[in-house]
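Residue numbers (our numbering), protein chains in the order written: chain A, 1 to 596; chain B, 1001 to 1592; chain C, 2001 to 2119; chain D, 3001 to 3160.
Built from N, CA and C at the ideal position, the CB exists for glycine as well.
Being a predicted model, the structure only gives us computed values, none of them experimental.
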């Protein structure tokens, strides 16, 4: 009795051109011949984005994709795949790789076509709360493969060959980190998944966990096998209740199916995972602070060495990777480390997930191969800047990162290039700013964040960021003093080099990079007391010019009733009442409001 | 484990050093003094102040030398223009959030931060801004907490939890708002603080200081209508010289007695006298218990911080604690009764002042159950630091003053009374007397080496009349907790336990002179020298056993009757009760 | 001896059967994005409309499932309708009212609502 | 509404479970979460209880409770407002929204209005960047806010 399948035919223009309609007829004929009509349904999909290999068809729910299919291939596909459940290997595209089945299922090629989904391969496709869905897309096969065919050392070798680097931001080679932990000889070792995603405006890890929690678990279990850990912890923000719930369910399901617990999949390897909640402290993303938090302490970092891989949680060797790093592991195991290392640049392999936000048309979560240019991300995937505004800056790395000007748009996404440009890869925040964004104000925003999140342990970060914030605040309020830029640089460089942990060491980056790339804006604020972007309210005023037609839109929009005027006559702003929110400016359709 | 010799380069020159040391330790040994602030050799590594940063070739940021281990071939720079400027800026950042009232500060000229700032050459302020503003906590009888002066080095938090295991203090809130405070920001008075004052000792600034009574005392000393009586504790004489610039270890008992008279005291008594008396009572009490009347092991009760500690942290062992008052309170009781009778004055007209090495004694003086006929046994307790300041303020030059004897009838003491101040001393003194009280024979070999020294917990045995008496000595409340756990586990393990609240015993008390320019607070060498001063006093006395003190004998004959008499019980003994809030000693809590 | 790989293959086959038995091959499949961001944008309401419609109006040929966030933040909540023989339709910024209309017009009458689709 | 006794039992049970496992003291943050879930905030009585049961000094618990911003040390209002100050919202004017709320309700961040109606908080990112600027009141997200719209939303709670 043959099982049921869905055959999806690409209905994009290229495939149609390459006669996929003929395929449809051939399939129907062949199905009828085997008396399978009605048992197999036929769907059409939008362009699957593999035009070069068209005509393309997929057999679901396994997501097997066939390329360059001709009508002559159909009998074989039907008799082998549909009847005998044996995919036709010679026609398979990418030898059934795990990655990138995304837009083949989802379509939406404009947004997804240039992306490469490894980490997010299942996000938005499967039901994250159903382990069956994950199993159906080769879930836990990597784990089974590792347990069947590989020694722990082989796994580490594969991870090393893949060239995977930590996706939490610092980019430490994952394989080396694993090796360091594996080398320790102790009775107990721990493994931690860092899901304390804290950058404002970044939600890569949350989406990954909410969309595909088992991938993270599978990565962790493989890691535990490789380094010899007995117990794993997922440290996740308490602010992510849904992600926590899905993880809890996923862990329970995985235990039930024998992927966690004693003797995993019948092997002699045992491992279990516990969830630990954060409680609202950005600094706990730093590994030693995170360890202290799991131990029930204040999340204060400590000096390293000793490194966690030698002495970590409960003073035992501990391997820490973040969500995105773990999610890469099953793909590396199944699709191959060599293949993985073929993606990306010389030193940065694979893909990176970014949360694209700010002044950009398509805000969203994207995953792109390393080496893609910033320009391509902003304009091809992001769709460019809305409202015909001019691009001004791109912020990567959140509060630890920097702001890059237009000159850097052709920078490639990789750890070294972004660092050379004066920013960092970071965990994946990417914020686009247009001409209405004030760089001093943005720097102040990020610094206010880190200053608020400083744990207070070391002097440079605790006291220094406060002083920097004070200086930035006075600049944005028009009270900047001669020498303030130099003071910021002096403090910034001190904090960068003298702070105890990564939070402090990177806190000045948004300020230093904006000074480097947008120094004139700082000078305008200090010397001319002007904010050209109009974002610093104390330095901005609004006036209605004689272009005003008296449409009353601004009067209606004003939240404080500062605008007076009769319909069809010139309106006036009461400067005393005006709070400089800029709503009138945004509302006016006649460019009759001038900002100064 | 044998450590490997490795080669490092400091400031361009190559040196051999040992693997396993930190950069700071290696540098110290090689004669490079890297500036430091939060580091304390007795406490865990904090790595917080960043004053001790150095440049290490290949490292992308500066490294904290207190925490970073030396490695073979490491190239370290301690003194470049860049690192000097970085350190300078860090110290300035601390100063920018610190009151600028050095001239009116108690620690003026005795402040680690001040010395550090001076050595950095901070002459101009670059980053001034908002400063912290908190209320001082004046509620404690002993310790004043001033968060405005706090620079968050965390030494107090660490000593309170790591050494004392009291954990009365913790970092609360975070970032720029971080404050060291008791739980719930409750008044110090209502917390589990034992008032030991070790936070004062380790504080580099004046964030913790003792509650000062010097002005009150000056005022009272000028009152012609009252009799001014002072007593001084053994350890005061062993350390006060340091406040006058002397090396530790010089005993100055006769100088202090003379100085106190010049200050205006009518009578200067010696707490060592009442220490002898304590031994009479305590040794007798022990022998009673040893013979089946009462709980064993008996635990000493002369340390005030320990008294508060046992009531809050170890209420299950209250019955084990000796009912003897401390020597200070015994002296106070006698001043109000025996002595008042002798001079025929109304006890109300006597000002009873104790000069102590201790901040907890200020608390002890306030305990209502220690009152004598409705009057406090001691009206006022001043610390070694306070009295040293008073001497200086009054122009009394302790270095050149001619020594004088203590006053009768409460001034004569045995050597046993002197060694009370060092850890193990009470036990040693008690054994000297208990032996004779029990056997009727004189113990000849009276220097009990096994009970001396700075080991955290010392155990010993003496055989009295064929019976083995097992004793233990612990100093510091953390070690005390460990010994008490041994007791809980095996109640028969010891018969007699001495506990002193402070590291080193009273010589390391919370009221002792601040560490000097070249020493750290609680420096072991310093403690050893202070102890040696007391053992020296003992050695030079002809009377070395408490029961041989003729004035003590006379006191019993004329007034008390015999040890443990009804009168003794009324005046020299006390009781304890469990108190809230309950103290908690965690099993294995690291301080983060 | 069964290796872990053998076990996993068996488990996968069973899982796929379970998925199929839940009606994966219904003529119409509806996926509603249900990540925090989607929920924040209102996808719970949308899900509710579909759930109750399927239950109360007897839409037996519709397979309803949730899924994670696909990444199109500015278009959330998203709803995907996969219909046999047709190109899947994705709707963006779906509200309760729109969901109602999608049921009436698309699921019941088979007419996709072009102006709401993500292009 | 859970009775006071039941809350106490529930917390006790949770702590007993923690004590049964390895490294019980490491469960402190989880216990504080549970206590806050039960009581709405953490007061001295609850922390004292935790201290005694878990054998953790109160100063340490206080240090932890004040370190993490998720823990409330004071009772919260009937409704919780979180104004998102994530980058996307900030770029699109979250600061004005926050100012408006502060002014309208006369409270600062972390404070509760005098009538006990609202507690104002800030949050980093709700992940609804497409709707920026947003705020969340209880479980509901309000998007594309302007100062005017913000005031209207707040006032609507009083009309209910």
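ask   = In angstroms, rounded to a whole number, what distance separates the CA positions of residue 3087 of chain D and residue 438 of chain A?
value = The residue you call residue 3087 of chain D lines up with position 87 of the fourth chain. The residue you call residue 438 of chain A lines up with position 438 of the first chain. Near 13 Å, if we compare the C-alpha coordinates of residue 438 of chain A and residue 3087 of chain D.
query = Could you give the C-beta distance for residue 40 of chain A and residue 184 of chain A, rounded to a whole number, given that I count them as a contact under 8 Å?
reply = For the purposes of this step, residue 40 of chain A is taken as the residue at position 40 of the first chain. For the purposes of this step, residue 184 of chain A is taken as the residue at position 184 of the first chain. Not really, about 54 Å apart at Cβ, beyond 8 Å.
message = Let me check one thing: in DSSP terms, what residues is residue 1007 of chain B bridge-paired to?
response = In the second chain, residue 1007 of chain B corresponds to position 7, counting from 1. Its beta-bridge partners are B:1016.
Chain D contacts from the segment 199 to 210 of chain A (Cβ-Cβ distance under 7 Å) = 200, 201, 202, 203 and 206
key: Three-way DSSP call (helix, strand, coil) for residue 91 of chain A in this model   = For the purposes of this step, residue 91 of chain A is identified with residue 91 of the first chain, where counting begins at 1. Here residue 91 of chain A sits in helix by DSSP.
message = For a test of the three-state rule: what should DSSP assign to residue 543 of chain A, helix, strand or coil?
response = Here residue 543 of chain A refers to the residue found at position 543 of the first chain. Strand, per DSSP.
key: Length of the line joining the Cα atoms of residue 1280 of chain B and residue 1473 of chain B   = Looking up residue 1280 of chain B in the second chain gives position 280. Looking up residue 1473 of chain B in the second chain gives position 473. Between residue 1280 of chain B and residue 1473 of chain B, the C-alpha separation is close to 19 Å.
key: Own chain residues within Cβ distance below 6 Å of residue 348 of chain A, not counting five before or after   = Translated into the one-based positions of the first chain, residue 348 of chain A becomes position 348. Excluding sequence neighbours, residue 348 of chain A sits near 370, 414 and 415.
task = Taking a Cβ distance cut-off of 7 Å, strictly less, list which residues of the segment 1159 to 1189 of chain B are near chain D, in chain order.
result = Within the segment 1159 to 1189 of chain B, the qualifying residues are 1167, 1168, 1169, 1170, 1171, 1172, 1173, 1174, 1182, 1183 and 1184.
inquiry  = Alpha carbons only, please: which of B:1395, B:1091 and B:1347 is nearest the one belonging to residue 1375 of chain B?
reply    = As a first step, residue 1375 of chain B must be located in the second chain, where it is residue number 375. The alpha carbon of residue 1375 of chain B has as its nearest neighbour, out of B:1395, B:1091 and B:1347, the alpha carbon of B:1347.
message = For a minimum of 3 consecutive residues, which ranges assigned as the beta strand (DSSP E) are wholly contained in the segment 1307 to 1375 of chain B?
response = Whole beta strand (DSSP E) segments, 3+ residues: 1350 to 1356.
key: Bridge partners - residue 1500 of chain B, DSSP secondary structure assignment   = The count along the second chain starts at 1 and reaches residue 1500 of chain B at position 500. Note: residue 1500 of chain B sits in a beta bridge opposite B:1475.
request  = With 9 Å as the threshold, decide whether the Cβ of residue 2111 of chain C is near any Cβ in chain A.
outcome  = The count along the third chain starts at 1 and reaches residue 2111 of chain C at position 111. Chain A, which has no Cβ nearer than 9 Å to the Cβ of residue 2111 of chain C, makes this no.
task = State the beta-bridge partners of residue 1470 of chain B as determined by DSSP.
result = On the second chain, residue 1470 of chain B is found 470 positions in, with the first residue counted as 1. The secondary-structure analysis by DSSP pairs residue 1470 of chain B across a beta bridge with B:1461.
key: Counted within 10 angstroms of its Cβ, other Cβ atoms place residue 481 of chain A as buried (16 or more) or exposed   = Working through the first chain from its first residue, we reach residue 481 of chain A at position 481. By the neighbour-count rule (16 or more Cβ atoms within 10 Å), residue 481 of chain A is not buried but exposed.
ask   = Given residue 435 of chain A, which residues of its chain have a CB within under 6 Å of its CB, disregarding the five upstream and five downstream residues?
value = Counted from its first residue, the first chain places residue 435 of chain A at position 435. The residues are 389, 390 and 392.
Assumed close pair residue 3129 of chain D, residue 363 of chain A - CB separation to whole angstroms, cut-off 8 Å = Start at 1 with the first residue of the fourth chain, and residue 3129 of chain D comes out as number 129. Start at 1 with the first residue of the first chain, and residue 363 of chain A comes out as number 363. Indeed, because the Cβ distance is near 5 Å, the residues count as touching under 8 Å.
message = What are the residues in the segment 265 to 279 of chain A lying within 8 Å of chain B by C-beta distance?
response = none
ask   = Helix, strand or coil: how does DSSP classify residue 1120 of chain B here?
value = Taking the first residue of the second chain as position 1, residue 1120 of chain B is located at position 120. In the three-state reduction of the DSSP assignment, residue 1120 of chain B falls in the helix class.
Burial state of residue 456 of chain A (16 or more Cβ within 10 Å) = Along the first chain, one-based indexing puts residue 456 of chain A at 456. Residue 456 of chain A should be labelled buried.
query = Would a C-beta distance cut-off of 9 Å place residue 2040 of chain C and residue 3135 of chain D closer than the cut-off?
reply = Counting from one through the third chain, the residue named residue 2040 of chain C turns up at place 40. Counting from one through the fourth chain, the residue named residue 3135 of chain D turns up at place 135. Taking 9 Å as the Cβ cut-off, residue 2040 of chain C and residue 3135 of chain D do not qualify as a contacting pair.
ask   = Between the beta-carbon of residue 2091 of chain C and the beta-carbon of residue 2079 of chain C, is there less than 9 Å?
value = Taking the third chain and counting its residues from 1, one reaches residue 2091 of chain C at position 91. Taking the third chain and counting its residues from 1, one reaches residue 2079 of chain C at position 79. Going by C-beta atoms, residue 2091 of chain C is nearer than 9 Å to residue 2079 of chain C.
query = Quick check: the segment 2058 to 2076 of chain C against the segment 2016 to 2026 of chain C, are there 3 or more CB pairs under 8 Å?
reply = Yes: the two stretches touch, three or more of their Cβ pairs being nearer than 8 Å.
ask   = By the criterion of Cβ-Cβ separation under 7 Å, what are the contact partners of residue 3026 of chain D in chain A?
value = What you label residue 3026 of chain D is simply residue 26 of the fourth chain in a count that begins at 1. Those are 294, 295 and 296, listed as they occur along chain A.
ask   = CB-CB under 6 Å to residue 1521 of chain B, same chain, minus the five flanking residues each way: which ones, in chain order?
value = Start at 1 with the first residue of the second chain, and residue 1521 of chain B comes out as number 521. Hits under 6 Å: 1201, 1202 and 1515.
key: chain D contacts from the segment 2028 to 2049 of chain C (Cβ-Cβ distance under 7 Å)   = 2036, 2037, 2040 and 2041
ask   = Residues of chain A with a CB under 7 Å from the CB of residue 1127 of chain B: which are they?
value = As a first step, residue 1127 of chain B is located in the second chain; it is residue number 127 there, counting from the start. The answer, in chain order, is 467, 487 and 491.
Local Cβ density within 10 Å of residue 543 of chain A, reported as buried at 16 or more and exposed below that = Mapped onto the first chain, residue 543 of chain A falls at position 543. Its Cβ having fewer than 16 others within 10 Å, residue 543 of chain A is exposed.
request  = For the beta strand (DSSP E) holding residue 1144 of chain B, just list the boundary residues, first then last.
outcome  = As a working note, residue 1144 of chain B is residue 144 in the second chain. That run of the beta strand (DSSP E) goes 1143 to 1145.
key: Nearest-angstrom Cα separation, counted from residue 384 of chain A out to residue 378 of chain A   = Position 378 of the first chain, counted from the start, is the residue given in the question as residue 378 of chain A. Position 384 of the first chain, counted from the start, is the residue given in the question as residue 384 of chain A. The alpha-carbon atoms of residue 378 of chain A and residue 384 of chain A are separated by roughly 6 Å.
query = What did DSSP end up calling residue 1173 of chain B once you bin it into helix, strand or coil?
reply = Counting from 1 along the second chain, the entry for residue 1173 of chain B is found at position 173. If DSSP states are grouped into helix, strand and coil, residue 1173 of chain B belongs with coil.
inquiry  = Starting from residue 2155 of chain C, trace the alpha helix (DSSP H) in both directions and tell me its first and last residue.
reply    = With chain C running from 2001 to 2119 in the structure shown, residue 2155 of chain C is simply not present.
task = Pick helix, strand or coil for residue 3037 of chain D, following the three-state DSSP scheme.
result = Sequence index remark: in the fourth chain, residue 3037 of chain D carries index 37 (1-based). Note: residue 3037 of chain D maps to helix in three-state DSSP.
First through last residue of the beta strand (DSSP E) which encompasses residue 3120 of chain D = Stepping through the fourth chain from its first residue, residue 3120 of chain D is reached at position 120. It spans 3118 to 3123 - the beta strand (DSSP E) in which residue 3120 of chain D sits, taken as one unbroken run.
query = Which one of A:427, A:289 and A:91 has the shortest CA to CA distance from residue 351 of chain A?
reply = Sequence index remark: in the first chain, residue 351 of chain A carries index 351 (1-based). Per the Cα distances, A:427.
inquiry  = 9 Å is my cut-off, CB to CB: does residue 464 of chain A come that close to chain C?
reply    = Here residue 464 of chain A is taken as the residue at index 464 of the first chain, counted from 1. Chain C, which has no Cβ nearer than 9 Å to the Cβ of residue 464 of chain A, makes this no.
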